[in-house]
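Numbering (mature numbering (1 follows the signal peptide of the UniProt record, and there is no 0)), first residue to last: -24 to -1, 1 to 354. Even for Gly, the Cβ is constructed at its ideal location relative to N, Cα and C. This report refers to the structure that appears directly beneath it.
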Amino acid sequence: MSSSYLITVLVFLLLSVFLSNAIAWIKQFRQQSRIFNKTQQLSSRQRGKTIPVTILTGFLGSGKTTLLNAILSSPDHGYKIMILENEVGAVSIDHELIKNVPREGVVVMQNGCMCCSASTKNGNELERILDHLLQVQADIHGFDYLIVETTGLADPGPIVQTFLELRASRYRLDGVVTLVDIQALLKIKVIPTEMQAQLTYADVIAMTKTDLFDENEVQGKVDKATEIIREMNPDAPLLAKNKLDVGSLLNIHTFDVARYSTQLATAQSNPHRHSTSVSTVFLTTTHELDLQSFGIWLNDVVNENVKENVFRIKGIVAVKDDNSKWVLQGVLDTYTLAPSAPWASDAERVTQIVIIGKNLDAPALEASFTALTDKKNM
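Structure below.
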C-alpha cells in the first residue's frame, strides 16, 4: 500500500471529522439563536409583566387533579391561571377531570418529554417548551399565573432546570409543590426513584389523604411520614391538612432571602441526612467569600466533582466587599447566583449552603469548602 494512498485516506478522515464537527457546531449555533429569539419574543409579549410558574408534582394517585380543582375554584388567589399538563402517551385523561377552567385554559404537552428528558443541554427540550409557551400566548390572552402539572412518574428535575434557563423570558420559577399520599408512603417498603426525586426537588410538600386515618392516629402517621420525607428533603415546609391553603402553595417566592433563611436553619439542624441513595450536606462559614473564587469552586462542585449526583443546591452567600445577600439556587447542572436584599447592619454575615444529591461524598465537599474559605484572599 503506497504512502500517497495512506495520506489520502488520512486527509479524507480528517476532513470528515472536521466537516462533522462544523455541521454540528452550525446546527447548535442556529438552535441557540432560535432559542434566544424566542426568549426575546416571550419577554416582549409580557410587556414588562412577570408570570410566576409553579411546578405541581407528585406520585401516581397523590391528588394533583383534586388540588388543581381546589385552586381553580378558590376566590382567594386572584389569578387567572393557565395549566400546562405534561402527559405520557397519546391520550390525556387528567385534563378532562379538571373543572372550573375553560377548555382553552388547559394545554396538554403529549408524550411526557418535558419532565422525563435526561437533560436539556442540547436545547431541544428548551426550544420545545418555548414553542408551547409562545403558542399559548398567541391563543390565550390575559393569564397571569402558570401551573405546570407533571405526570405521576416524572422526575421534575429537568423541567425545573428548563424554567431556570427561561428566566430571561419573564417566566419566574416560583417553586415546586410536591404532593405525597401519606397512606401510600407508609405502605411502601422501597420508595420509587421517581418519588424520591419529586420529594427532593420540592419547595413545599403537602401530605394528602390524611382524612383516611382515624382522628386518634393521624398525628402518629404524620410524624412517621415526616421522618421518611426528611430523609430526602430536610427543609421544605410540610403541610398536613385535609384542606390546603392556596396561599401556601402559590407565589411562595422560592428565591426570597427570608424564605431561604428559614429553610437553611432547618437544614442546619440536620446537616447529614441519608436515605438509601439521597443525602444532604450542609456547608457554612463566617468568612466572607471572594465572588470569583466561590464561582470557580461552585462550578467545580456542580460540573466536575459530582455532576448528575447533585439534585439541588441552594444557599445564602456572604460576598466580600458586597453588602447584598447573594442567593444561590441550582438544579442538576444549572444554577443561579444573584444579589438580593442587603444584610442588616447588625447581622452576622454567614454563608449557608445546602447540597442535596445522590451518594454525595460529604467529607470531600466539606474539605473543598474549607480549603476555599481558608484561602488568603478571603
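Please report how far the alpha carbon of residue i lies from the alpha carbon of residue j, in whole angstroms.
| i | j | result |
| --- | --- | --- |
| residue 25 | residue -10 | 50 Å |
| residue 310 | residue 288 | 10 Å |
| residue 125 | residue 58 | 11 Å |
| residue 152 | residue 230 | 9 Å |
| residue 316 | residue 105 | 28 Å |
| residue 108 | residue 46 | 25 Å |
| residue 217 | residue 186 | 7 Å |
| residue 74 | residue 127 | Its pLDDT being 42, under 50, residue 74 is placed unreliably by the model, and the measurement read from it follows with that caveat. Their backbone Cα atoms lie some 14 Å apart in a straight line. |
| residue -7 | residue -21 | 21 Å |
| residue 142 | residue 313 | 15 Å |
| residue 191 | residue 198 | 12 Å |
| residue 167 | residue 215 | 20 Å |
| residue 228 | residue 324 | 26 Å |
| residue 61 | residue 44 | 11 Å |
| residue 164 | residue 35 | 12 Å |
| residue 40 | residue 179 | 16 Å |
| residue -19 | residue 333 | 50 Å |
| residue 390 | residue 42 | The first residue shown for the chain is -24 and the last is 354, placing residue 390 beyond what the model contains. |
| residue 271 | residue 346 | 15 Å |
| residue 320 | residue 1 | 48 Å |
| residue 342 | residue 278 | 14 Å |
Using the Cβ count rule (16 or more neighbours within 10 Å means buried), how would you classify residue i?
| i | result |
| --- | --- |
| residue -17 | exposed |
| residue 262 | exposed |
| residue 139 | buried |
| residue 306 | buried |
| residue 37 | exposed |
| residue 273 | buried |
| residue 174 | buried |
| residue 170 | buried |
| residue 137 | buried |
| residue 286 | buried |
| residue 29 | buried |
| residue -4 | exposed |
| residue -14 | exposed |
| residue 56 | exposed |
| residue 135 | buried |
| residue 3 | exposed |
Give every residue of the same chain whose Cβ lies closer than 6 Å to the Cβ of residue i, excluding the five residues on either side of it in the sequence, and list them in chain order.
| i | result |
| --- | --- |
| residue 318 | 299 and 300 |
| residue 337 | none |
| residue 328 | 240, 260, 291 and 292 |
| residue 247 | For residue 247, the predicted structure reports a pLDDT of 48, less than 50, and the residue's modelled location is therefore unreliable. A value from the coordinates is still provided. Around residue 247: 258. |
| residue 147 | 27 and 29 |
If you compare alpha carbons, which of the options is closest to residue i?
| i | options | result |
| --- | --- | --- |
| residue 204 | 61, 181 and 223 | 181 |
| residue 213 | 155, 53 and 277 | 155 |
| residue 221 | -22, 53, 39 and 175 | 53 |
| residue 130 | 141, 166 and 177 | 177 |
| residue 255 | 111, 330 and 123 | 330 |
| residue 344 | 258, 199 and -3 | 258 |
| residue 349 | 135, -4, 61 and 269 | 269 |
| residue 276 | 340, 219, 334 and 225 | 340 |
| residue 51 | 6, 123, 223 and 42 | 223 |
| residue 226 | 135, 122, 209 and 164 | 122 |
| residue 150 | 347, 278 and 27 | 27 |
| residue 9 | -14, 103, -2 and 134 | 103 |
| residue 264 | 120, 326, 335 and 320 | 326 |
Among the residues of its own chain, which have a CB less than 7 Å from the CB of residue i, if the five just before and after it don't count?
| i | result |
| --- | --- |
| residue 201 | 158, 161, 162 and 183 |
| residue 132 | 31, 33, 91, 126, 152, 173, 174 and 177 |
| residue 189 | 197 |
| residue 194 | 186 |
| residue 17 | 110 |
| residue 219 | none |
For residue i, which residues of its own chain have a beta-carbon under 8 Å away from its beta-carbon, when the five flanking residues on both sides are left out?
| i | result |
| --- | --- |
| residue 267 | 295, 296, 298 and 302 |
| residue 6 | none |
| residue 304 | 274, 289, 290, 291, 292, 293, 311, 312, 313 and 329 |
| residue -2 | none |
| residue 13 | none |
| residue 322 | none |
Write down every uninterrupted run of the alpha helix (DSSP H) in the segment 158 to 213 whose length is 4 residues or greater and which is fully enclosed by it, in chain order.
158 to 163, 169 to 176 and 194 to 206, all fully within the segment 158 to 213.
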